[in-house]
Each structure stands twice: as C-alpha cells, then as structure tokens.
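Peer 1:
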Amino acid sequence: MRECKRCLIRDLDEKAEFKTMFTYIAQLDEEIKADAISYEQRLSRCKSCDSLINGMCKHCGCFVEMRAAILTNSCPNKKW
Numbered sequence: 001m002r003e004c005k006r007c008l009i010r011d012l013d014e015k016a017e018f019k020t021m022f023t024y025i026a027q028l029d030e031e032i033k034a035d036a037i038s039y040e041q042r043l044s045r046c047k048s049c050d051s052l053i054n055g056m057c058k059h060c061g062c063f064v065e066m067r068a069a070i071l072t073n074s075c076p077n078k079k080w
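The numbering of the sequence shown is UniProt numbering, which starts it at 1 and goes up by one.
In structure tokens form, the structure reads like this:
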C-alpha cells in the first residue's frame with residue numbers, strides 16, 4: 001500500500017481489502033452508531049488533519065472510519 005496522507009480507506013485503491021471493516025460499520029446497532037451527517041463531518045475533519053495517514057490516526061492508531069462511526073467516540077486530538 002502506498003502512503004497516502006489525508007486519505008480515508010474508502011478513497012484508497014486497496015479498499016477491497018478492508019471490506020469487513022465497512023461491513024462492520026454498516027451493521028452497527030443504530031443506538032450506538034453516529035448519524036450519517038455527524039459521521040461525514042467527523043471524516044471531513046479527519047481528512048484535513050495532518051495526523052491522518054493511510055486511513056489511520058497517528059495519535060491513536062485507529063482506522064478513523066471505524067472511530068467516527070460510533071457515536072460516543074471522540075477524536076484523540078480533540079478535532080471532533
């Protein structure tokens with residue numbers, strides 16, 4: 001995988017390798033899942049952050065698309 005700063009997994013050519021992650025996000029209980037607008041706002045902030053590399057956060061090592069999908073999660077760098 002090439003290094004891609006400020007890329008989400010869904011934007012990378014290798015996204016098929018992460019299909020299970022997207023399935024997991026889609027199957028989250030609605031009670032714990034962030035609504036679509038909040039999810040996209042969170043990802044937008046991640047994409048503008050210098051700490052995003054290959055869909056992962058340099059601060060915590062998470063895949064930001066998974067972190068952003070859960071309503072109670074927050075950014076380790078206090079961006080959202």
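Note that CB positions come from ideal geometry on N, CA and C, so glycine has one too.
Is CYS46 helix, strand or coil by DSSP?
Peer 2: What you label residue 46 is simply residue 46 of the sequence shown in a count that begins at 1. DSSP places CYS46 in helix when its eight states are reduced to three.
Peer 1: Pull up the CB-CB distance for ALA68 and CYS46, whole angstroms please, since I reckon it's below 8 Å.
Peer 2: The residue you call residue 68 lines up with position 68 of the sequence shown. The residue you call residue 46 lines up with position 46 of the sequence shown. About 7 Å; that satisfies the 8 Å criterion.
Peer 1: Given a threshold of 16 other Cβ atoms within 10 Å of its Cβ, counted over all protein chains shown, does ALA34 qualify as buried or as exposed?
Peer 2: Against the sequence shown, residue 34 aligns to sequence position 34. The residue in question, ALA34, is buried, as its Cβ has 16 or more Cβ neighbours within 10 Å.
Peer 1: For GLU65 and ARG10, which I take to be in contact (beta-carbon distance under 8 Å), what is that distance rounded to the nearest angstrom?
Peer 2: Taking the first residue of the sequence shown as 1, we reach residue 65 at position 65. Taking the first residue of the sequence shown as 1, we reach residue 10 at position 10. Going by Cβ atoms, the distance from GLU65 to ARG10 rounds to 7 Å, so yes, they are a contact pair.
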